[in-house]
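Inspection log for the structure reproduced underneath, given as structure tokens.
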Amino acid sequence: MLVAAFLLMVSCTVEPYESGDSSLSYLKAEMVDMHVMGKAVESLVNDANERLDISSAFQVPQKMEHADTTYRMMLYYNKVEKAPVDIKSIRLAHVVNPAKKDKALTLADDPLKLISAWKAENGSYLNLSLGLMTGNAEDEDAIQKMAVVADSVVTTADGGKTYYLTLHHDQDGIPEYYTQTAYVSVPIKEFPKGDKICIRMNTYSGWVEKIFVK
363 MLVAAFLLMV SCTVEPYESG DSSLSYLKAE MVDMHVMGKA VESLVNDANE RLDISSAFQV
423 PQKMEHADTT YRMMLYYNKV EKAPVDIKSI RLAHVVNPAK KDKALTLADD PLKLISAWKA
483 ENGSYLNLSL GLMTGNAEDE DAIQKMAVVA DSVVTTADGG KTYYLTLHHD QDGIPEYYTQ
543 TAYVSVPIKE FPKGDKICIR MNTYSGWVEK IFVK
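Numbering (the working numbering) for the sequence shown: 363 to 576.
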């Protein structure tokens, strides 16, 4: 496989609880790795390598019922002192591995919206919150696609390196009527500590780049 492309589908959203307020609780949103065995969540670990305990009332969505599978999720939950986290909503995040550049392959650079970009606290991922313009397409098979390509590596005078990645986006002819939020995680565990990673993408405001230190 020459590029790490994936089909971008509607995020899985689950909102099993009513919102509530408490002087000892607050709503929090963060990326997590959720390991599932059948209908049960075996573990829930955030990007600070903290294991989160969840209420036994939480049920895994049917479409996610698989044996021995780890999902990357954006988790919205109520943090309650000395109690399991109260999950309000989960959104599926897409893990896109950087692939080597292939000069013979042409990839689309259709614009998107960059909402936010941040490095996981444990250095495992670059996380992106993206706004994708979408609508009802005439072609029922049309679906937006993305890929992350490792373009080049530049060595500085002090011996450090900067790795340049490009996020490619194919609108696939889908109308741009309204914005849908999508979450993407780019694994960076294999990049050397102390080096820089620059990820670039085409937005409706032009090309932008975000630089992070591994």
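The beta-carbon is built from N, C-alpha and C at its ideal position, and this holds for glycine as well.
Requested in this report: Could you check what DSSP says for Q424 in three-state terms: helix, strand or coil?
Outcome: helix
Query raised in the report: Using the C-alpha atoms, what's the distance from S567 back to D557?
Result: 28 Å
Query raised in the report: When you compare each of V515, S405, Y539 and M435 to V457 by their alpha carbons, which one comes out closest?
Result: M435
**Report entry** CA nearest to the CA of L488, picked from M396, D534 and I559
**Finding:** I559
Query raised in the report: What number of angstroms, rounded off, separates the C-alpha of K551 from the C-alpha of L476?
Result: 23 Å
Query raised in the report: On the three-pair Cβ rule with 8 Å, is the stretch 525-532 touching the stretch 403-418?
Result: no
Query raised in the report: Three-state secondary structure (DSSP) at V599?
Result: Nothing can be reported for residue 599: it is not among the residues displayed for the chain, which extend from 363 to 576.
Query raised in the report: Which residues in the same chain as V516 place their Cβ atom closer than 8 Å to its Cβ, once the five residues preceding and following it in sequence are excluded?
Result: K523, T524 and Y526
Query - Own chain partners of V447 with C-beta closer than 6 Å, once the 5 adjacent residues on each side are dropped - result: L414, I416 and Y439
Report task. Go ahead and label I536 buried or exposed: buried means 16 or more other beta carbons lie within 10 angstroms of its beta carbon, across all protein chains shown. Result -> buried
Query - Complete beta strand (DSSP E) runs within the stretch 481-527 (minimum length 3 residues, chain order) - result: 487-496 and 507-517
Report task. Between the Cα of T565 and those of D471, L389 and A410, spot the shortest distance and give me the residue it belongs to. Result -> D471
Report task. Using alpha carbons as the reference points, say which of L389, W480 and K463 lies closest to E571. Result -> W480
Report task. Following the continuous beta strand (DSSP E) through S418, name the residue where it begins and the one where it ends. Result -> Note, S418: premise wrong, no beta strand (DSSP E); not H, not E.
Query - Alpha carbon of V511 to alpha carbon of L467, nearest angstrom - result: 11 Å
Query raised in the report: CB-CB under 6 Å to N498, same chain, minus the five flanking residues each way: which ones, in chain order?
Result: none
Query raised in the report: Between S491 and the rest of its own chain, which residues show a CB-CB distance below 7 Å, the 5 nearest in sequence each way excluded?
Result: I477, S478, T543 and Y545
Query raised in the report: Taking just the CA atoms, how far does A410 sit from D513?
Result: 29 Å
Query raised in the report: Relative to the alpha-carbon of V575, which residue among P460, S486, D503 and K463 has its alpha-carbon at the smallest distance?
Result: S486
Query raised in the report: Roughly how many angstroms separate the alpha carbons of K425 and H397, rounded to a whole number?
Result: 14 Å
**Report entry** Buried or exposed (CB count within 10 angstroms, at least 16 for buried), I449
**Finding:** buried
Query raised in the report: Going by alpha carbons, who is nearest to Y433 out of K401, V407, K441 and D395?
Result: D395
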